[in-house]
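Colleague: Numbers 16 to 199, taken from this note's numbering, label the letters of the sequence shown in order. Ideal Cβ placement from N, Cα and C applies to all residues, glycine included. Note that the coordinates shown come from a computational prediction; the quantities given were computed from them, not determined experimentally. Sending over a structure as structure tokens; questions will come in a sec.
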Amino acid sequence: MAFMSGASCRRWSLLGAGVCIFMLAMALIMQFGFGLEPCPLCIFQRVAVLVALLGFLIGICHDAGRAGRIVYGGIALLGSIAGALVAGRHVWIQRLPEDQVPSCGPGLDYMLDALPIQSVITQVLRGSGECANISARWLGLTLPGWTLIGFVVLILIALGLMFGRHFGAGKGGRQHPSLTGSEA
């Protein structure tokens with residue numbers, strides 16, 4: 016992404032927010048347009064996208080210096096890494112042989128009402144039979160596979176937000192003279 020080298024906090028954040036909004040829009044289109052109900056792992060992935068989006072939105076509103084870039088990028092990075100781990104687990108569950116797929120448990124709504132939050136998180140991350148269902152493929156990848164790719168992209172964007180300034184422009188998008196070949 017050479018075109019983004021030296022980009023401002025706002026530009027990296029806009030790119031990240033755009034990817035997050037695209038991912039959430041696709042999830043909602045799949046749910047409401049195509050009738051694919053999200054499993055508990057899918058819902059956790061959506062929450063992770065929202066956490067990343069929060070970091071990017073703050074970066075858009077506050078075109079920060081180095082410390083802000085690290086904080087906002089860090090929020091986005093944490094959400095993106097968490098989402099990538101959940102999506103990776105989801106892909107793994109979908110690839111299990113049928114006899115090794117975890118049995119279907121209670122729905123997420125019931126678990127949230129009946130169990131402490133730590134137990135809900137543990138149960139969901141273990142996966143269930145409904146998480147193993149492959150409801151759609153596109154270009155040979157399942158939806159969690161595409162979501163995993165989206166999270167990898169978000170991780171790269173968050174790292175660009177955090178450390179991108181080291182590869183190009185200073186505050187305000189000005190190029191350092193040593194990078195442009197001109198004398199100061």
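CYS35 and LEU158: beta carbons closer than 9 angstroms?
Modeller: No. Outside cutoff.
Colleague: I need the straight-line Cα distance from LEU127 to ALA97, nearest angstrom please.
Modeller: 20 angstroms
Colleague: Would the beta-carbon of VAL64 fall within 9 angstroms of that of LEU39?
Modeller: yes
Colleague: Measuring only the C-alpha atoms, how far is LEU130 from HIS77?
Modeller: Their Cα atoms are separated by approximately 39 angstroms.
Colleague: Considering only C-alpha positions, which residue in the set ARG25, LEU68 and ILE58 is nearest to LEU135?
Modeller: For clarity, residue 135 is Val in the given sequence; the question names Leu instead. It is ILE58.
Colleague: Mark TRP27 as exposed unless 16 or more other C-beta atoms lie within 10 angstroms of its C-beta, in which case mark it buried.
Modeller: buried
Colleague: Rounded to the nearest angstrom, what separates PHE178 and LEU51 at their Cα positions?
Modeller: 38 angstroms
Colleague: If you draw a straight line from the alpha carbon of LEU104 to that of GLY160, how long is it in whole angstroms?
Modeller: In the sequence on display, residue 104 carries Arg and not Leu. Going from the Cα of ARG104 to the Cα of GLY160 covers about 10 angstroms.
Colleague: Going by C-alpha to C-alpha distance, which of ALA102, ILE108, ILE132 and TRP107 sits closest to PHE166?
Modeller: ALA102
Colleague: By DSSP, does GLN33 sit in helix, in strand, or in coil?
Modeller: It should be pointed out that residue 33 corresponds to Gly in this sequence rather than to Gln. Note: GLY33 maps to helix in three-state DSSP.
Colleague: Which of helix, strand or coil does DSSP assign to SER92?
Modeller: According to the sequence provided, residue 92 is Leu. The question's Ser does not apply to it. Helix.
Colleague: In whole angstroms, what is the alpha-carbon distance linking LEU174 and THR162?
Modeller: 18 angstroms
Colleague: For a test of the three-state rule: what should DSSP assign to ASP78, helix, strand or coil?
Modeller: Three-state result, ASP78: coil.
Colleague: Quick test of your reading: GLN46 and PRO53, contact by CB under 8 angstroms. State the CB separation rounded to the nearest angstrom.
Modeller: 6 angstroms
Colleague: Taking 8 angstroms as the cut-off, is the CB of GLY74 close to at least one heavy atom of the ligand HEM?
Modeller: Summarising the ligand content, the structure contains no ligands, and the ligand HEM is consequently not present.
Colleague: According to the neighbour-count rule (16 or more other Cβ atoms, all chains shown, within 10 Å of its Cβ), is ILE172 buried or exposed?
Modeller: With 16 or more other Cβ atoms inside 10 Å of its own Cβ, ILE172 counts as buried.
Colleague: Between PHE71 and ALA32, which are expected to be in contact by the criterion C-beta below 8 angstroms, what is the C-beta distance as a whole number of angstroms?
Modeller: Rounded to whole angstroms, the Cβ separation of PHE71 and ALA32 is 4 angstroms, and the two are in contact under 8 angstroms.
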